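**Student:** In the working numbering, the protein residues as written are 145 to 184. Don't be surprised by glycine CBs; every beta carbon is placed ideally from N, CA and C. In this text, all values refer to a predicted model and were calculated from it rather than measured experimentally. Shown below is the structure under consideration.
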C-alpha cells in the first residue's frame, strides 16, 4: 500500500489487505481501473 493507490478518488481503499478471518491469515489483492503506481 506504500507503493500503490487503489483509487485516487477513494484514498481510504487499499490495494492489499492482510487479515485473519478466523480460519487463518490471508491477503486480498485488488486493483481498480484508476489504480496508480507511486514508485518504490
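Which two residues bound the contiguous beta strand (DSSP E) that contains residue 164?
**Tutor:** Locating residue 164 in the chain shown gives position 20, where the first residue counts as 1. Its beta strand (DSSP E) spans residues 160-164.
**Student:** Going by beta carbon distance, what residues of the same chain come within less than 7 Å of residue 152, once the five residues before and after it are set aside?
**Tutor:** Counted from its first residue, the chain shown places residue 152 at position 8. For residue 152, where only same-chain residues beyond five positions count, the Cβ hits under 7 Å are 178, 180.
**Student:** Considering only C-alpha positions, which residue in the set 150, 155, 168, 173 is nearest to residue 161?
**Tutor:** As a first step, residue 161 must be located in the chain shown, where it is residue number 17. If we check each option's Cα against that of residue 161, 173 comes out closest.
**Student:** Report the rounded CA-to-CA distance for residue 176 versus residue 150, giving the unit in angstroms.
**Tutor:** Counted from its first residue, the chain shown places residue 176 at position 32. Counted from its first residue, the chain shown places residue 150 at position 6. Straight-line Cα distance between these residues: approximately 6 Å.
**Student:** Going by Cα to Cα distance, which pick from 183, 145, 164 is closest to residue 156?
**Tutor:** Here residue 156 corresponds to residue number 12 of the chain shown, with the count starting at 1. It is 145.
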